[in-house]
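Trainee: This structure is in structure tokens; I'll ask about it shortly.
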Amino acid sequence: VEEKYKAIVREIREASAKGQPTLVGTTSIEKSEQLAERLRKEGFTDFEVLNARHHEREAAIVAQAGKPGAITIATNMAGRGTDIKLGGNAEMRIEEELGDMPAGPEREAREKEIIADIERLKEKALAAGGLYVLATERHESRRIDNQLRGRSGRQGDPGRSKFFLSLQDDLMRIFGSERMDGMLQKLGLKEDEAIIHPWINKALEKAQKKVEARNFDIRKNLLKYDDVSNDQRKVVFEQRIELMDGEGLSETIAEMREGVIDEIVAKAIPENAYAEQWNVAGLKAEIAEFLNLDLPVDDWAKEEGIAEDDIRERIAQAAEAAAKERAERFGPEVMNYVERSVVLQTLDHLWREHIVNLDHLRSVVGFRGYAQRDPLQEYKGEAFELFQAMLGNLRQAVTAQLMRVELVRQAAEAPPPEAPDMFGTHIDGTTGENDFEGGETALLVRPETTAVVAPEDRDPNDQATWGKVGRNEACPCGSGKKYKHCHGAFA
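Using my numbering, read the sequence shown as starting at 1388 and increasing by one per residue.
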């Protein structure tokens, strides 16, 4: 590796000495910084480093990279999408040097001078051989190497490219032929001697093909995992769109409620079990938790010949009656709004949690391979179980919320305190007396007040006769409630 960098520095020095612009390509930011530090130690002062740490100067660096003798160190990805023009970029140079100069004959003359100077520099760069692309190593992908090589020779201009490699480069060390190093040592090559041979090119091509095949397999495997979550995403969002577009959700809510009842009954009453084996206490607790009902399940279990289906039917009838009573109390429009809001909010929350759970599962399922199990099949199975659990949680959460929801009327705000009497004052400029002082000239501003009516004079059926009623007084309608909780709530 050390000999490789020595050869690179020599090549840069020779190209710069004859006025040839040089673009040095590296595979990473760290290696571009290391090469820049090496050039400083070798006495180079006039060069630019183009990488992600200097992205704000990318356009300016690329604009000047084609000047004769310019040295630009760049990562293979930096500066993509822009041509390095030999001699420099005329538009950017004019903007930089004449940005504040107003339009006129003087500016036009200066622009012509700059364009002529750039043409002169371009001729000098062309005479030196055009842009020289010098790569410090091969990338894992041949496509990126070709992109770097293609920076030179643009728009019909001449150019050349050269790649410097070492058998200690990551690509050759990890994916190269193990016999290559031993074979070259047997040939008795001297230190710092360049090796140009078809075997090297063949080994490089094989190494890059190995990396490309490996990366392709990784992407293909990731896509299989993504397909699992994508299929679930399609199901969830199709249901979500139906919920948003549908006029009523009563049938969907009823199906969810029936599903919850089936789950809690199946959990408390095992199949073909005697009544003495039923978990009556657990069933009653879950009915209270998910359906907000207090049902005499223990009395039902004592009945002669009672069956699981009978218990399920009674619970369903009680839950349906409670839901119907609540819907009649709220009204169809309000109930539809409440149902849609609860279902959508709960679905969104549970789906976000499910996505996080899938990410955690994917990060650890690879260890199943040590047990001779296919991680992908394990992931598919457990992802399906998590999805079913999410749907079960959705049914339970929506049912529990809708069986508890109540409309609360917001109490009217207390009226502001009455303003005190206010008197105006006007001092006469001649006499110095108050024109409004005393008598009929006094200016009295009193806020409007509502007359207070005695309780015995109020007609419970005529609200106009109530006058002003205190918020904590008994409501004149005779309901027995405080005014703020009765007619005062609508005031």
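Glycine included, every Cβ here is placed at the ideal spot set by N, Cα and C. Keep in mind it's a predicted model, so treat the numbers as computed, not measured.
1) Taking the continuous beta strand (DSSP E) assigned at Phe1550, which residues delimit it?
2) From which residue to which residue does the alpha helix (DSSP H) around Leu1357 run?
3) Tell me whether Ala1514 is buried or exposed, calling it buried when 16 or more other Cβ atoms sit within 10 Å of its Cβ.
4) Does DSSP put Ile1471 in a helix, in a strand, or in coil?
5) I need the boundaries of the beta strand (DSSP E) containing Thr1432, first residue and last residue.
6) Tell me whether Trp1586 is buried or exposed, calling it buried when 16 or more other Cβ atoms sit within 10 Å of its Cβ.
7) Should Thr1459 and Leu1410 be called a contact, given that it needs their Cβ atoms to be closer than 7 Å?
8) Tell me, please, which residues DSSP counts as bridged to Ala1461.
9) How about the region 1471-1487 and the region 1424-1431: do they share at least three Cβ pairs that are nearer than 8 Å?
10) Run through DSSP, which three-state label would Tyr1612 get?
11) Excluding sequence positions up to five away, which residues of its chain have a Cβ less than 8 Å from the Cβ of Leu1682?
12) Is the Cβ-Cβ distance between Leu1737 and Leu1789 less than 7 Å?
13) Should Leu1591 go down as buried or exposed, given a rule of 16 or more other Cβ atoms within 10 Å for buried?
14) Rounded to a whole number of angstroms, what is the C-alpha to C-alpha distance between Arg1536 and Arg1525?
15) Who pairs with Val1520 in a beta bridge, going by DSSP?
16) Compare the C-alpha of Ile1531 against each of Thr1413, Gly1857 and Leu1554 and name the closest.
17) Per DSSP, Ala1861 forms a beta bridge with which residues?
18) Nearest-angstrom Cα distance between Asp1720 and Trp1665?
19) Have a look at Phe1717 and Leu1794 and give me their C-alpha separation to the nearest angstrom.
20) Do the region 1487-1496 and the region 1427-1442 touch if we need at least three Cβ pairs shorter than 8 Å?
21) Determine the closest residue to Arg1547 out of Pro1408, Leu1636 and Thr1432, with distance taken between C-alpha atoms.
22) With three or more beta-carbon pairs closer than 8 Å as the criterion, would you say the region 1618-1636 touches the region 1650-1663?
23) Going by C-alpha to C-alpha distance, which of Leu1473, Thr1523, Ala1714 and Asn1533 sits closest to Phe1550?
24) Report the three-state DSSP secondary structure of Asn1617 (helix, strand or coil).
25) With distances taken between CB atoms, is the gap from Glu1769 to Leu1745 smaller than 7 Å?
26) Give me the Cβ distance between Thr1733 and Arg1644, rounded to the nearest whole Å; I'm assuming they're in contact under 8 Å.
27) Within its chain, find whatever has a CB closer than 6 Å to the CB of Lys1405; leave out the 5 residues flanking it on each side and keep chain order.
28) Please report the distance separating the alpha-carbon of Lys1391 from that of Ser1553.
29) Ala1457: buried (16+ other C-beta within 10 angstroms of its C-beta) or exposed?
30) Give me the Cα-Cα distance between Ala1445 and Glu1500, rounded to the nearest whole angstrom.
31) Just to confirm, are Leu1636 and Glu1726 a CB contact at a threshold of 7 Å?
32) How about Leu1508 and Pro1455: are their beta carbons less than 7 Å apart?
33) Report yes if the C-beta of Glu1695 is less than 6 Å from at least one heavy atom of the ligand GDP; otherwise report no.
Mentor: Here's the rundown:
1) Segment Gly1546 to Phe1550, the beta strand (DSSP E) holding Phe1550.
2) The question about residue 1357 has no answer here: the residues shown for the chain are numbered 1388 through 1878.
3) Taking every protein chain shown into account, the CB of Ala1514 has fewer than 16 other CB atoms within 10 angstroms, so this residue is exposed.
4) Correct three-state label for Ile1471: coil.
5) Thr1432: not part of any beta strand (DSSP E); DSSP gives it neither H nor E.
6) Only exposed fits Trp1586, as fewer than 16 other CB atoms lie within 10 angstroms of its CB.
7) Yes, the Cβ-Cβ distance between Thr1459 and Leu1410 is below 7 Å.
8) Gly1412 and Leu1437, per the DSSP bridge assignment.
9) At 8 Å Cβ cutoff, the stretches do not touch.
10) Tyr1612 carries a helical assignment under DSSP once its states are collapsed to helix, strand and coil.
11) Only Lys1671, Ile1674, Arg1701, Ile1702 and Ala1705 meet the Cβ criterion.
12) In this structure, Leu1737 keeps its C-beta atom at 7 Å or more from the C-beta atom of Leu1789.
13) Burial call: buried.
14) When only Cα atoms are considered, Arg1536 and Arg1525 end up about 11 Å apart.
15) Paired residue(s): Leu1410 and Ser1548.
16) For Ile1531, the nearest C-alpha among the options comes from Thr1413.
17) Ala1861 is bridged to Lys1869.
18) Note that residue 1720 is Glu in the sequence shown, not Asp. C-alpha separation (whole angstroms): 41 Å.
19) Near 8 Å, if we compare the C-alpha coordinates of Leu1794 and Phe1717.
20) Short answer: they don't touch.
21) Minimum Cα distance to Arg1547 is reached at Pro1408.
22) No, because fewer than three Cβ pairs between the region 1618-1636 and the region 1650-1663 fall closer than 8 Å, the two stretches do not touch.
23) Of the candidates Leu1473, Thr1523, Ala1714 and Asn1533, the one whose C-alpha sits nearest the C-alpha of Phe1550 is Thr1523.
24) Correct three-state label for Asn1617: helix.
25) Their beta carbons are not under 7 Å apart, which means Glu1769 does not touch Leu1745 by this criterion.
26) The pair is not a contact, with the Cβ atoms about 14 Å apart (cut-off 8 Å).
27) Taking Lys1405 as the centre and dropping the five residues before and after it, the same chain places the C-beta of Ala1515 closer than 6 Å to its C-beta, in chain order.
28) One C-alpha to the other measures close to 6 Å.
29) When all chains shown are included, Ala1457 counts as buried.
30) The amino acid occupying residue 1445 in the given sequence is Glu; Ala does not appear at that position. Annotation: Glu1445 to Glu1500 spans about 25 Å, alpha carbon to alpha carbon.
31) Yes; because the gap between Cβ atoms is below 7 Å, this pair is in contact.
32) Their beta carbons are under 7 Å apart, which means Leu1508 touches Pro1455 by this criterion.
33) Ligands displayed in this structure: none; no statement on the ligand GDP is therefore possible.
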